[in-house]
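**Student:** Please find one structure pasted underneath; my questions will follow.
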Amino acid sequence: MKTYDVAIIGAGPAGMTAAIYACRAGKSTALFEKNFPGGQMVNAHIIDNYPAESEIGGFDLAQKMFEQVSAAGAEFINEEVTAVKSGDIVEITTARGVYTAKAAVIAAGTVRSRLNIPGEDRLDGRGVSWCATCDGALYRGKDVAIAGGGNSAVSEAIYLAALCKSVHIIHRRGEYRAESSLVQKLRSLPNIVEHLGCVPVEIVGKDKVEGVILDKNGEKFTLPVDGFFVAIGGKPDQKLIAGAEKDASGYVKTDGEMRTSLPKIFAAGDNISKEVRQIVTACADGAIAALSASKLD
Ligand code: NAP
Numbered sequence: 003m004k005t006y007d008v009a010i011i012g013a014g015p016a017g018m019t020a021a022i023y024a025c026r027a028g029k030s031t032a033l034f035e036k037n038f039p040g041g042q043m044v045n046a047h048i049i050d051n052y053p054a055e056s057e058i059g060g061f062d063l064a065q066k067m068f069e070q071v072s073a074a075g076a077e078f079i080n081e082e083v084t085a086v087k088s089g090d091i092v093e094i095t096t097a098r099g100v101y102t103a104k105a106a107v108i109a110a111g112t113v114r115s116r117l118n119i120p121g122e123d124r125l126d127g128r129g130v131s132w133c134a135t136c137d138g139a140l141y142r143g144k145d146v147a148i149a150g151g152g153n154s155a156v157s158e159a160i161y162l163a164a165l166c167k168s169v170h171i172i173h174r175r176g177e178y179r180a181e182s183s184l185v186q187k188l189r190s191l192p193n194i195v196e197h198l199g200c201v202p203v204e205i206v207g208k209d210k211v212e213g214v215i216l217d218k219n220g221e222k223f224t225l226p227v228d229g230f231f232v233a234i235g236g237k238p239d240q241k242l243i244a245g246a247e248k249d250a251s252g253y254v255k256t257d258g259e260m261r262t263s264l265p266k267i268f269a270a271g272d273n274i275s276k277e278v279r280q281i282v283t284a285c286a287d288g289a290i291a292a293l294s295a296s297k298l299d
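Residue numbers in the sequence shown follow my numbering, run continuously in steps of one, and reach 299 at the last position.
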């Protein structure tokens, strides 16, 4: 099996930009992805903060990036990476075998967190969902709830409001973490109901979601809903970054050249320790990581 110059794990905006830059640097480049390309951005109904695209669907932006990756000449390997081992030659393990590369860029994003409350696992796929754009249409004309207060929860609530009768947004604090333009839009919609300072404690229903029990300052009440979306952020997949130095929250530490603490392993995008997680910052990380990785021989 051939040894690639650069192997990139994850085809979100960070990984796809890294692939474009590595190819343009003349490197043989493998881009590993377990799903279809795009990462978290395919869950975004509308993206309106990516320069030169004042309003574009997340899926469409992902498609455009992937076309550029393919044209640049990267080899897309549609397999799940289960381990990345640093060494003179980096080893990338998938179910099909072990691939090798002179350098790797880990751009695997995050895995969506779970609330870990009763009913969440039992009713997963039966009214509990982690993807509003994938499953929202199932709840056309119905009542749904979404948990979370970040950009994902607020933008997904806005998306759901166009389809559903009512959208209950449940956030544990009194203030959203999401950016103010999104919160303003959320509050302009007539069928949004806000439950601030509320914690979901149980999802109820016999064979499908029938409601969610909320706790507000120790007082519990049931909100009858047909669908329950979880959008409470995520964490990096720890098995891919095993051995690398991480911050207290489990994100990989990188330097200005996107080097991790492991030789020949770089990282980019949402899985690294940083303040701003946006598509545009992921792309920037990816470009830097690929150029740094391309310098290795
Ligand atoms: P996030 O920004 O980390 O927000 C997670 C939200 O879920 C927070 O409001 C948090 O509450 C809440 N939460 C976390 N654990 C919880 C729990 N166990 N129970 C109840 N609530 C819980 O995650 P995100 O919204 O998925 O966004 C991830 C990153 O992508 C962010 O950097 C975000 O800016 C970016 N993003 C950007 C856009 C955009 O620009 N339009 C869209 C989507 C995502 P607290 O606030 O109390 O911590």
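C-beta atoms are modelled at their ideal positions from N, C-alpha and C, and glycine is treated no differently.
Quantities reported herein were computed from a predicted structural model and do not represent experimental measurements.
(1) Any heavy atom of the ligand NAP closer than 7 Å to the CB of S182?
(2) Taking Cβ positions, are A106 and I11 nearer each other than 8 Å?
(3) Among all the DSSP beta bridges, which residues are the ones paired with A202?
(4) Run the proximity test for N153: is its beta-carbon closer than 7 Å to any non-hydrogen atom belonging to the ligand NAP?
(5) Give me the residue from F78, Q70, L188 and I58 with the minimum Cα distance to A171.
(6) Could you give the first and the last residue of the continuous beta strand (DSSP E) run that contains P226?
(7) Between I234 and the ligand NAP, is the CB less than 7 Å from at least one heavy atom?
(8) Keeping to the same chain, check which residues put their C-beta closer than 6 Å to that of V83; ignore five residues upstream and five downstream.
(9) Pick out whichever of L242, E77, G111 and I148 has its Cα sitting closest to the Cα of T31.
(10) Which term fits V195, buried or exposed, when burial requires 16 or more other beta carbons within 10 angstroms of its beta carbon?
(11) Whose CA, out of A270, A286 and K266, lies closest to the CA of K104?
(12) Are the CB atoms of G271 and G60 nearer to each other than 8 Å?
(13) Tell me whether N51 counts as near the ligand NAP, meaning its Cβ is closer than 7 Å to at least one heavy atom of that ligand.
(14) Output the distance between the C-alpha atoms of E277 and S154, rounded to the nearest integer angstrom.
(15) G288 lies in the alpha helix (DSSP H); which residues open and close that run?
(16) P238 and G258: beta carbons closer than 8 Å?
(17) Three-state secondary structure (DSSP) at K144?
(18) Just the Cα atoms here: how many angstroms apart are H197 and H173?
(19) Measure the C-alpha to C-alpha separation of P202 and I215 and round it to an integer number of angstroms.
(20) Per DSSP, F38 is paired with what?
(21) Let me know the alpha helix (DSSP H) ranges lying completely inside the stretch 101 to 159, each 4 residues or longer, listed in chain order.
(22) Among A246, R261, A139 and A64, which residue has its Cα nearest to the Cα of V44?
(23) Leaving out five residues on either side along the sequence, give the residues of the same chain with a beta carbon under 7 Å from the beta carbon of G138.
(24) With three or more beta-carbon pairs closer than 8 Å as the criterion, would you say the stretch 226 to 238 touches the stretch 116 to 135?
(25) Measuring alpha carbon to alpha carbon, tell me which residue in V254, Y178, I91 and T19 is nearest D299.
(26) Tell me which same chain residues have a C-beta within less than 6 Å of the C-beta of A13, skipping the five on either side of it?
(27) Can you find a heavy atom of the ligand NAP that lies under 7 Å from the Cβ of L117?
(28) One question on the structure: do I281 and Y52 come within less than 8 Å of each other, judged by their Cβ atoms?
(29) Is it buried or exposed, C285, if we count other Cβ atoms within 10 angstroms and call 16 or more buried?
**Tutor:** Taking the definition as stated:
(1) no
(2) yes
(3) Just to set this straight, residue 202 is Pro in the shown sequence, not Ala. The partner list for P202 (beta bridge, DSSP) reads L216.
(4) yes
(5) According to the sequence as given, residue 171 is Ile; it is not Ala. The shortest C-alpha separation from I171 is found at L188.
(6) E221 to P226
(7) yes
(8) I11, F34, I94 and T96
(9) E77
(10) exposed
(11) K266
(12) Contact flag unset, no.
(13) yes
(14) 16 Å
(15) Segment I281 to S296, the alpha helix (DSSP H) holding G288.
(16) no
(17) coil
(18) 6 Å
(19) So the alpha carbons of these two residues sit roughly 6 Å apart.
(20) Answer by DSSP bridge pairing: none, since F38 is not bridged.
(21) Those alpha helix (DSSP H) runs which fall completely within the stretch 101 to 159 and span 4+ residues are 134 to 137.
(22) Comparing Cα-Cα distances from V44 to each of A246, R261, A139 and A64, the minimum goes to A64.
(23) Y161, L162 and L165
(24) Cβ pair count under 8 Å is three or more, so yes.
(25) The candidate whose alpha carbon is nearest that of D299 is I91.
(26) L33, E35 and P39
(27) Yes, the beta carbon of L117 sits closer than 7 Å to at least one heavy atom of the ligand NAP.
(28) Against a cut-off of 8 Å, the Cβ pair of Y52 and I281 comes out as a contact.
(29) buried
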